[in-house]
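Below: the structure, in structure tokens.
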Amino acid sequence: MAPSPGGLRSAKWFAGQDVPGFVHRSAMRASGFSRMAFEGRPIVGICNSWSEVVNCNMHFRGMADAVRRGVLAAGGFPLEFPTISLGEQLMKPTTMLFRNLMAMDVEESIRAYPFDSVVLLGGCDKTVPAQLMGAASADVPAIMLTGGPAAPAVFRGKQIGVGTDLWEYIDDVRAGRMSMADYEKLEAAAGPSRGHCPEMGTASTMATLVEGLGMTLPGTAAVPAMDSRRLQVAEECGARAVGLATEGLRPSHIMTAEAFDNAITLMLAVGGSTNAIVHLLAIAGRVGIPLHLDRFHELSARTPLVVNVRPAGEHLVEQVFHAGGIPAVMKAVEDLLHPDALTVTGKTVADNLPTTAATDTSVIAALDSPFQPPNGLAVVRGNLAPDGAVIKCSAASPELLVHQGPAVVFENMKDLMARFDDPDLDVSPDSVLVLRSAGPRGAPGMPEWGQLPIPSKLLRQGVTDMVRISDARMSGTAYGTCVLHVSPESAAGGPLGLVRDGDIISLDARAGRLDMLVSDDELTTRRTEFRPQPPHAIAARGYTAMYVDRVLQADRGCDFDFLVGRSQRPEDEPDAIFEGWVGGW
Ligand code: FES
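Spelled out as structure tokens, the structure:
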């Protein structure tokens, strides 16, 4: 890789003998940094999403210190900076509403400050795609370090994945099979350490995809959060960031169409979260890669599930780590990967692959003896989802993947919560539960409401799954026959808004179809009468007003329309941001 064209980016700030150079160096020295410490060295930004309201990222200060050691050891100078952070559990109404805000914060912080490269510290679900989106747009050399899976929770002597098993326990409470006292004990036991959710939920999926995209060092994604090796890889990422700065290896060099194919293949091989689809579409949009939903369907048709990890399998990510981690998964699906894709190591995927296979084939299987066959994910289209919807077949009931049943329609989440447990609700095990006004604009923020609860009266009859359809997302730790991300959403005038109680819904995930068996004439009539639900009150002002106005639909990654595409030629970027500079003290 050629040296960074024009030398270090930070030289624009610090090398000049003019007034701006004086001001910039003076600012650094006011922070206690001598000229010896930073002058002429690659400046490595450490973009830290640490926050006390993001429990999954609470160990990031220690990780940042380790990154700092690596940067210094390699001859760079580290500068840590904060951005907004997104905590999946505490942030309301949903972190997805703020993913683009964080991405903008990350992008502008990287662009505005004198960084030659950046280490992105992300962990909890949306922090990782937000940082990748921002870094992709800024296109300053970057490497990501994810936080690692938390230690497994143990309840009643059994190791649990809180996200995955929680849904079962909630059903137990609702069906009277678990006492409230035990439920409280579960609450206390649920989070035994820092780190992201320990099963293959959205956070672990995104960490895996970072490795698949080539945006981190091989083998980092699955190292447990509390394992000392996580700090060691943090040091290595810091050191590598110095190399990236001098080599000028940028996100746009690494996140190519081949890299996205590799990431999607990995997502399918590990049975990853459907949320990753939305995020990958958005990240691809930022680097100008024309990625579409159909590519996920195509790659799903050839990629089996080779990792036995929850929610699709039995284990937690920690066991995946001990079986060889993501490099062993990549080795298992080597024949499905683009071997020549470049990574942040400066080498290709093929160069980085281990020479040996997984150490435990009960956790990571070979390609020819997978845990589940291909087609673990399907993209469905039809008169109910003209622009597509997705279903995670590997987490669904096989007998429901081809199903017809009468719709039971809920106008919005409030309506759902008010009526789903009504003993008089006209619902049977064959019914198809439909939720609308839960998409990017309608909710707003496309929350994880897609795993609609099964009415208690059916739970008591032993019903454990039903076909559920919505324009929402679903937690990466959830399961069930849930058709998600229906596009366009009802609030954008999509036909999901036209469904009425009793309409027969036809799902054929195998054939990629989702239709309501209603005549075209009737749908035309309904369309003339249809009035989308008005925007939620929180969208009346500020960021949320802009979000609702400019967010794209799920099939385009829910990014803002004005952020899609590469912003400018990176070589010109420091000059552009300095243009018109008149000083500032
Ligand atoms: Fe933060 Fe799951 S809640 S990763």
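Its first residue numbered 7, the sequence shown is counted upward by one per residue in our numbering. Virtual Cβ for every residue (Gly too), placed ideally from N, Cα, C.
Coarse secondary structure for residue i, derived from DSSP in three states
i      : result
His202 : strand
Glu114 : helix
Leu219 : helix
Phe512 : A quick correction: the sequence has Ser, not Phe, at residue 512. Three-state DSSP puts Ser512 in a strand.
Ile544 : helix
Met552 : helix
Glu417 : coil
Arg246 : helix
Ala347 : coil
Gly486 : coil
Arg183 : coil
Cys62  : helix
Val312 : coil
Ala21  : coil
Cys130 : coil
Pro494 : coil
Ser123 : strand
Met522 : strand
Gly503 : helix
His328 : helix
Glu535 : helix
Own chain residues within Cβ distance below 6 Å of residue i, not counting five before or after
i      : result
Ala8   : Confidence at Ala8 is low in this model, with a pLDDT of 42, below 50, so the placement of that residue should be treated as unreliable; the coordinate-derived value is given next. Contacts found: none.
Phe416 : Leu422, Leu441
Pro224 : Pro333, Asn358
Leu96  : Val59
Ile285 : Note that residue 285 corresponds to His in the displayed sequence, not to Ile. Closer than 6 Å at Cβ, skipping near neighbours: Pro135.
Leu299 : Val385, Gly394, Asp561
Pro257 : Ala141, Ala142, Asp145, Ala148
Arg236 : Gly154, Val229
Phe161 : Leu192, Ala195
Ser462 : Arg180, Asp427
Thr550 : Ile544
Glu454 : Arg479, Met480, Ser481
Asp131 : Glu94, Thr208, Ala209
Ala33  : none
Leu402 : Sequence inspection shows Ala at residue 402; the Leu mentioned does not correspond to that position. For Ala402, where only same-chain residues beyond five positions count, the Cβ hits under 6 Å are Thr487.
Gln502 : Sequence inspection shows Leu at residue 502; the Gln mentioned does not correspond to that position. Result list for Leu502: Arg442, Asp477, Val492, Ser496, in chain order.
Asn268 : Gly218, Leu343, His344, Ala347
Glu320 : Asn314
Asp122 : Leu14, Arg15, Ser16, Pro48, Ile49, Ala251
Residue i and residue j closer than 8 Å at C-beta
i      : j      : result
Val396 : Leu383 : yes
Ser306 : Thr208 : no
Pro446 : Ala545 : no
Val73  : Ile52  : yes
Ala484 : Gln457 : yes
Thr211 : Met273 : yes
Ser437 : Gly468 : no
Ser243 : Val124 : In the sequence as presented, Ser is not what sits at residue 243; that position holds Cys. Result no, Cβ atoms of Cys243 and Val124 do not sit closer than 8 Å.
Ala251 : Leu78  : no
Gly291 : Val315 : no
Ala338 : Ala356 : no
Ser16  : Pro120 : yes
Val408 : Arg474 : no
Ile295 : Ala347 : no
Thr1   : Pro345 : This structure cannot settle anything about residue 1, because the visible part of the chain is limited to 7 through 591.
Gly197 : Ala156 : yes
Ala592 : Gly331 : Since the first and last residues shown for the chain are 7 and 591, residue 592 lies out of range.
Asn106 : Phe566 : yes
Ile270 : Met221 : no
Leu490 : Asp177 : no
Phe39  : Phe20  : no
Tyr175 : Met184 : yes
Neighbourhood of residue i by C-beta, 7 Å cutoff - its chain only, sequence neighbours within 5 removed
i      : result
Asp393 : Ser493, Pro494, Gln559, Asp561
Ala109 : Ala136, Met139, Gly140
Arg47  : Gly81, Gly82, Phe83
Pro380 : Ser306, Ala307, Arg308, Thr309, Pro310
Interface flag, residue i vs chain B, CB-CB below 8 Å
i      : result
Asn381 : The question asks about chain B, but that chain is absent: this structure has only one protein chain.
Contacts around residue i, its chain only, beta-carbon distance under 8 Å, and the 5 residues preceding and following it disregarded
i      : result
Thr531 : none
Leu322 : Pro155, Pro158, Gln165, Gly167, Pro204, Glu205, Val315, Arg316
Closer than 6 Å from C-beta to any heavy atom of ligand 1: which residues, in chain order?
Cys62, Glu94, Gln95, Cys130, Asp131, His202, Cys203, Gly207, Ala209
Below 8 Å, how does it come out for the region 89-96 and the region 55-70: are there three or more Cβ pairs, yes or no?
yes
Between the region 66-83 and the region 526-535, are three or more C-beta pairs nearer than 8 Å?
no
Using 8 Å as the Cβ pair cut-off and three pairs as the minimum, do the region 474-489 and the region 398-410 touch?
yes
Segment contact flag, the region 308-319 with the region 370-380, C-beta cutoff 8 Å, min 3 pairs
yes
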